[in-house]
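To start, the structure itself, in structure tokens.
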Amino acid sequence: MNGYDPKAIEPKWQERWDRQRAAEVDLRNDKNKYYMLMMFPYPSGDRLHVGHGRNYILGDALYRYLRMRGRRALNPMGWDAFGLPAENAAIQRGVHPRDWTLDNIRVMKTQFRRWGILYDWSKEITSCLPEYYRWNQWLFLRMLEQGLAYKKKAPVNWCPNDRTVLANEQVLEGRCERCGAAVEQRDLEQWFLRITSYADRLLAGLDDLPGWPEKVKVMQRNWIGRSEGAEIDFAIVGAEGPLTVFTTRPDTVHGATFLVLAPEHPRVVELLATHPERASIEAWVDRIRSTPRIEREGEGTPKEGRDTGARALNPATGEEIPIWIANYVLPDYGSGAIMAVPAHDGRDLAFARQEGLPVRLVYHPEGRDGEATALAEPILGEGVIRGCGDFDGATDGPETIRRFIAWLEERGSGRGKVTYRLRDWLISRQRYWGTPIPVVYCESCGIQSVAATELPVELPYDVELSGREGNPLSRASAFVAARCPRCGGEARRETDTMDTFVDSSWYYLRYLSPKDGGRVFDSQLANRWAPVDQYIGGIEHAILHLLYARFVCRVLHDFGLVEFEEPFANLFNQGMITRFSEKTGRIEKMSKSRGNTVSPDALIEEMGADTERVYTLFLGPPEDEVEWNDEAVSGAHRFLQRLWRVAERVGSAPPTAPADAALERLRHATIQRVTRDFERFKFNTVVAALMELLNALTRAVEEKTASRLCCEATLDTLVQLLHPIAPHLTEELWERRGHVESLLDSDWPVADEAKLKRDRLTLVIQVDGKLRDRIEVDAAWGEREVRAAALGSVKVREHLGGREVAKAVLVPGRLMNLVTRREVS
RNA sequence: GCCGGAGUGGCGAAACGGUAGACGCAGCGGACUUAAAAUCCGCGGCCCGCGAGGGCGUGCAGGUUCGACUCCUGCCUCCGGCACCA
Numbered sequence: 011m012n013g014y015d016p017k018a019i020e021p022k023w024q025e026r027w028d029r030q031r032a033a034e035v036d037l038r039n040d041k042n043k044y045y046m047l048m049m050f051p052y053p054s055g056d057r058l059h060v061g062h063g064r065n066y067i068l069g070d071a072l073y074r075y076l077r078m079r080g081r082r083a084l085n086p087m088g089w090d091a092f093g094l095p096a097e098n099a100a101i102q103r104g105v106h107p108r109d110w111t112l113d114n115i116r117v118m119k120t121q122f123r124r125w126g127i128l129y130d131w132s133k134e135i136t137s138c139l140p141e142y143y144r145w146n147q148w149l150f151l152r153m154l155e156q157g158l159a160y161k162k163k164a165p166v167n168w169c170p171n172d173r174t175v176l177a178n179e180q181v182l183e184g185r186c187e188r189c190g191a192a193v194e195q196r197d198l199e200q201w202f203l204r205i206t207s208y209a210d211r212l213l214a215g216l217d218d219l220p221g222w223p224e225k226v227k228v229m230q231r232n233w234i235g236r237s238e239g240a241e242i243d244f245a246i247v248g249a250e251g252p253l254t255v256f257t258t259r260p261d262t263v264h265g266a267t268f269l270v271l272a273p274e275h276p277r278v279v280e281l282l283a284t285h286p287e288r289a290s291i292e293a294w295v296d297r298i299r300s301t302p303r304i305e306r307e308g309e310g311t312p313k314e315g316r317d318t319g320a321r322a323l324n325p326a327t328g329e330e331i332p333i334w335i336a337n338y339v340l341p342d343y344g345s346g347a348i349m350a351v352p353a354h355d356g357r358d359l360a361f362a363r364q365e366g367l368p369v370r371l372v373y374h375p376e377g378r379d380g381e382a383t384a385l386a387e388p389i390l391g392e393g394v395i396r397g398c399g400d401f402d403g404a405t406d407g408p409e410t411i412r413r414f415i416a417w418l419e420e421r422g423s424g425r426g427k428v429t430y431r432l433r434d435w436l437i438s439r440q441r442y443w444g445t446p447i448p449v450v451y452c453e454s455c456g457i458q459s460v461a462a463t464e465l466p467v468e469l470p471y472d473v474e475l476s477g478r479e480g481n482p483l484s485r486a487s488a489f490v491a492a493r494c495p496r497c498g499g500e501a502r503r504e505t506d507t508m509d510t511f512v513d514s515s516w517y518y519l520r521y522l523s524p525k526d527g528g529r530v531f532d533s534q535l536a537n538r539w540a541p542v543d544q545y546i547g548g549i550e551h552a553i554l555h556l557l558y559a560r561f562v563c564r565v566l567h568d569f570g571l572v573e574f575e576e577p578f579a580n581l582f583n584q585g586m587i588t589r590f591s592e593k594t595g596r597i598e599k600m601s602k603s604r605g606n607t608v609s610p611d612a613l614i615e616e617m618g619a620d621t622e623r624v625y626t627l628f629l630g631p632p633e634d635e636v637e638w639n640d641e642a643v644s645g646a647h648r649f650l651q652r653l654w655r656v657a658e659r660v661g662s663a664p665p666t667a668p669a670d671a672a673l674e675r676l677r678h679a680t681i682q683r684v685t686r687d688f689e690r691f692k693f694n695t696v697v698a699a700l701m702e703l704l705n706a707l708t709r710a711v712e713e714k715t716a717s718r719l720c721c722e723a724t725l726d727t728l729v730q731l732l733h734p735i736a737p738h739l740t741e742e743l744w745e746r747r748g749h750v751e752s753l754l755d756s757d758w759p760v761a762d763e764a765k766l767k768r769d770r771l772t773l774v775i776q777v778d779g780k781l782r783d784r785i786e787v788d789a790a791w792g793e794r795e796v797r798a799a800a801l802g803s804v805k806v807r808e809h810l811g812g813r814e815v816a817k818a819v820l821v822p823g824r825l826m827n828l829v830t831r832r833e834v835s
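Pasting the structure below:
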């Protein structure tokens, strides 16, 4: 045998796995099925670095483990292939997005292969190909038909850099999630999906997901943002129709001393119609409306407002109160209008003080009477109602709120109402590289769906990608020109494309029948294989992708296409890999832009993919953020080299030797530990346990303390347990040991309880909880015998110092604690 | 501000309420070598002590317990999410 040479071994096994189609699953048999899935990647064109490697290596280790445990594991892979970078590459380098993307996919595939990662490539999907995206269009049309897709003119988030609109979820702190540019507000006609009508189901469903990290569920709950309260109608003096506000505190309606509308509120124009300074106020409204979100909604943003001059009637007091417009009221929450109760709300109080508006107490704090005019802080959660008739004496709490709602409903001036923070999902994008929205505009028939038989609406290949303002598709006249499916007349094709999160909202179902040209997916297979048993991906999708996928799953459920409502039974979020960045001078997430990436190519060249895999998994718990240490990689490499060397020498062990039982015990204990840790995703301690076993085996072989048979059995076990983590090396050793079948098809070792037993063991003796001695005891001994033996120890007697033992606690197999203090009674 | 999560050697970390620091990196000492690399063996929390040994130690302060890194209460620091959501 030669030394350990990963450069020879790794390609050999990669080729063999390819040839054997090692990961291909026949879906007709779903016995013992396990659907595992990595979030499909965007083929970005940047070569994958070791930080990316973590996800894929983690998934592959799980996959191989499942296979060895006898599961029929499905592990497909595909490409989230639409998106802006492809279009930007086209603008910058003149490559067509399609060619650029498909090239990147080829490169990424070879990188996966070099890592020794197994996917069922017969199920591959690529979202930018019409075979896939036609079903996005189909889904859209079904949703349009059901009223779940609609078009409306609304103030939307506009990214001036990417020159497209964004969904709410894609705006982080007022900035574009992709490029970081400050998002502006524009009024545009856009397509939306009605996710809000699923808000309650999406919220309730979270309670049925025990296999999801609590953190993700909390984030989704906050995002959906359910709040209970009431709508209250305020009549406008001298105008038709009431102004409706939403409030969570209908019990403070008597304290509402003015109303405030968002500048976008539809009645602003009407209320300002007769105002003497109408022009200047409208100019102010326009300025607020076009302010970037980050400036308008930032915490430190000063409150600004204008009095409309119009007045409303407080339905509780009958009093006339002014109607204001202010920047601190959000247009797209509740009804875009609030009743201001300065006495009991900090924001209203600040605004009232600034503008000199009146403050009226509803809840009067005990012993601090008549302070309303001097109030510096709002009264929250204390006090008793006064001056409100029948409600007098009530205290702040849900019961009082319920009474007020009942009272408002009785009088017809309000009703209980639940509001969500969640907005409808804006899916229109003014970009080329996405799924065309399949509708046409006809002069006489209006918006018309493209007929199902006309799908897919294919993205034209030849378009001019110049980076100019506006969607390149709208300048592709051959694409825009269409026929109205209803009247046959001339029509204009929709040029908006879909948000790429539409692609990823149902792709896990398409993997099950990727080539089916006749339907979106095979429902029967979907009901047998889905939901996905284990989904793995980054925490950055906690809201965006995972919420959309849960929504679309329910839609498909309601269409009768799947029986389940939750797409992913278990979710695992791996942590990211960090490294010191010369550029920023800090330890940061590994990424090309921060210039702190480590390329796997050189690493694999030098030490092999197995070394990278072992190191990556050994680095720390998979869910934690871990720092890449260039020097520490060699430890993983040394481990594999030592394994190789011991495999070469194992044959030299003697036929019989004294310490077989000890090595056997460790072998079985390791099987138990490793199996448990694989189940818990603790790959780092799996590696540690295997290092310990190897250390023991090496010692036994070197010192000739265990027999050849025993050493070989230990080596075989070690090789099997290590296979999910270092697949190439272990396959090679397994083959050299004379095994014929692939390790993937070998049976996972089972720990033998009997082998774990021992006759004598070392027990720790504590005196008053402090370790004082270790003694050899018979495993069968009970408390009495152990206690006698413990008292036989000189050290123990010294520490007892003649005191009486009040109590002796025996933890079998571990320790005995001798307590001298008496219980205090 | 609200909601999560985390604080353990020089570093990455481990530890069903039961011997804190397994495993590894870096370091130190030694073997092999003309030498170096590679490899192998040994040491390694802090303090006192020549030593045997003893004391202290898991962010801080308390509590529960025979026994607490682990459970409870209060605080500090860091990280993440949300944030004028009425």
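When the letters of the first sequence are read in order and numbered with our numbering, they come out as residues 11 to 835. Glycine included, each C-beta is placed from N, C-alpha and C at the ideal position.
**Prompt:** When the Cα atoms are used, what is the spatial distance from Val473 to Leu219?
**Reply:** Distance between the alpha carbons of Val473 and Leu219: 45 Å.
**Asked** To the nearest angstrom, how far is it from the Cα of Arg538 to the Cα of Arg185?
**Response** Rounded to whole angstroms, Arg538 to Arg185 spans 42 Å at the Cα level.
**Request:** Taking Glu330 as the reference, give the member of Gly319, Leu707 and Ala790 with the closest Cα.
**Result:** It is Gly319 whose Cα lies nearest to the Cα of Glu330.
**Item:** Presumed contact (8 Å Cβ cut-off) between Val530 and Trp145, rounded CB distance
**Value:** So it is a contact: roughly 4 Å between Cβ atoms.
**Request:** Specify, as a first and last residue, the run of the alpha helix (DSSP H) that Lys313 falls within.
**Result:** Annotation: Lys313 is outside any alpha helix (DSSP H) and is labelled neither H nor E by DSSP.
**Request:** Just the C-alpha distance for Val369 and Ala347, rounded to the nearest angstrom, thanks.
**Result:** Using only the alpha carbons, I get a separation of about 19 Å.
**Asked** When you compare only the Cα positions, how much space is there between Thr317 and Val295?
**Response** A small fix is needed here, since residue 317 is Asp in this sequence, not Thr. Each residue's CA atom was taken as its position, placing Asp317 and Val295 some 12 Å apart.
**Prompt:** Based on the DSSP output, what are the partners of Cys452 in its beta bridges?
**Reply:** In the DSSP output, where bridge partners are listed per residue, Cys452 has Gly456 and Ala501.
**Request:** Note the first and the last residue of the continuous alpha helix (DSSP H) segment covering Gln838.
**Result:** Lying before the first or after the last residue shown, residue 838 is absent from the chain, which here runs from 11 to 835.
**Asked** Taking DSSP as the reference, what is the three-state secondary structure of Gly126?
**Response** It is coil, neither helix nor strand.
**Message:** In this structure, how does DSSP classify Asn580 when only helix, strand and coil are distinguished?
**Reply:** If DSSP states are grouped into helix, strand and coil, Asn580 belongs with the strands.
**Cβ-based burial, Ile457 [other Cβ within 10 Å; buried from 16]** = So Ile457 counts as exposed.
**Request:** Would you decide whether Val175 is buried or exposed? Buried here means 16 or more other CB atoms lie within 10 Å of its CB.
**Result:** Buried: at least 16 other Cβ atoms inside 10 Å.
**Asked** Can you list, in chain order, the residues of its chain whose CB lies under 6 Å from that of Leu739, leaving out five sequence neighbours each side?
**Response** So the list reads Asp620 and Leu650, once near-sequence residues are dropped.
**Item:** Tyr208: first and last residue of the uninterrupted alpha helix (DSSP H) it sits in
**Value:** For Tyr208, no alpha helix (DSSP H) run applies, since DSSP gives it neither H nor E.
**Message:** Just checking Asp788 against the ligand GDP - is the residue's beta carbon closer than 7 Å to any of the ligand's heavy atoms?
**Reply:** No copy of the ligand GDP occurs in the structure displayed, which carries no ligand at all.
**Asked** Does the distance from the C-beta atom of Asp783 to that of Val829 stay below 8 Å?
**Response** No, Cβ-Cβ distance for Asp783 and Val829 is not below 8 Å.
**Item:** Whole runs of the beta strand (DSSP E) within the segment 422–496, excluding any shorter than 3 residues
**Value:** 424–429, 449–452, 456–459 and 491–493, all fully within the segment 422–496.
**Asked** How many angstroms separate the CA atom of Phe693 from the CA atom of Phe628?
**Response** It is roughly 7 Å from the alpha-carbon of Phe693 to the alpha-carbon of Phe628.
**Asked** Between Val263, Arg321 and Thr405, which lies nearest to Val351 when the distance is taken from Cα to Cα?
**Response** With distances taken between Cα atoms, Val351 lies closest to Val263.
**7 Å Cβ shell around Trp27 - same chain, five flanking residues per side excluded** = Shown here for Trp27: same chain residues with a beta carbon closer than 7 Å to its own, the five before and five after excluded, namely Leu128 in chain order.
**Request:** Indicate the three-state DSSP secondary structure (helix, strand or coil) for Tyr521 in the structure shown.
**Result:** Looking at Tyr521 - three-state DSSP - the assignment turns out to be coil, as it is neither helix nor strand.
**Message:** Mapping the DSSP letters down to three states, classify Lys767 as helix, strand or coil.
**Reply:** Lys767: coil per DSSP, three-state reduction.
**Asked** Can you name, in chain order, every residue of its own chain whose Cβ lies under 8 Å from the Cβ of Glu615, other than the five neighbours on each side?
**Response** In the same chain as Glu615, and ignoring 5 residues on each side of it, the C-beta atoms closer than 8 Å to its own belong to Lys17, in chain order.
**Minimum C-alpha distance to Ala209 - residue among Gly221, Glu199 and Asn232** = Nearest of Gly221, Glu199 and Asn232 to Ala209, Cα basis: Asn232.
**Item:** DSSP three-state assignment for Tyr52, whether helix, strand or coil
**Value:** For Tyr52, the secondary structure class from DSSP, reduced to helix, strand or coil, is coil.
**Asked** Do Gly265 and Val193 have their C-beta atoms closer together than 8 Å?
**Response** Not closer than 8 Å, so no.
**Message:** With H, G and I counted as helix, E and B as strand and the rest as coil, what does DSSP make of Asn639?
**Reply:** In this structure, DSSP gives Asn639 a state outside helix and strand, which the three-state scheme calls coil.
**Item:** Residues that Met826 bridges to, as DSSP identifies them
**Value:** Bridge partners of Met826: Ile775 and Leu820.
**Request:** Just the C-alpha distance for Pro312 and Asp358, rounded to the nearest angstrom, thanks.
**Result:** If I take the Cα positions, the gap works out to 13 Å.
**Message:** Less than 8 Å between C-beta atoms, sequence neighbours within five positions excluded: which residues of the same chain meet that for Ser454?
**Reply:** Excluding positions up to five away in sequence, the list reads Cys494, Cys497 and Gly499.
**Message:** Do Ser459 and Asp506 count as a contact pair if the criterion is CB distance below 8 Å?
**Reply:** Contact: no.
**Item:** Segment limits, beta strand (DSSP E) that includes Asn167
**Value:** In the DSSP assignment, Asn167 falls within the beta strand (DSSP E) that extends over Ala159 to Cys169.
**Asked** How about Asn114 and Gly55: are their beta carbons less than 8 Å apart?
**Response** In contact: Asn114 and Gly55 (Cβ atoms closer than 8 Å).
**Asked** Any idea which residues DSSP pairs Lys714 with across the strands?
**Response** Residue pairing by DSSP places Lys714 in no beta bridge whatsoever.
**CA-to-CA distance, Trp654 to Pro524, given in whole angstroms** = One C-alpha to the other measures close to 42 Å.
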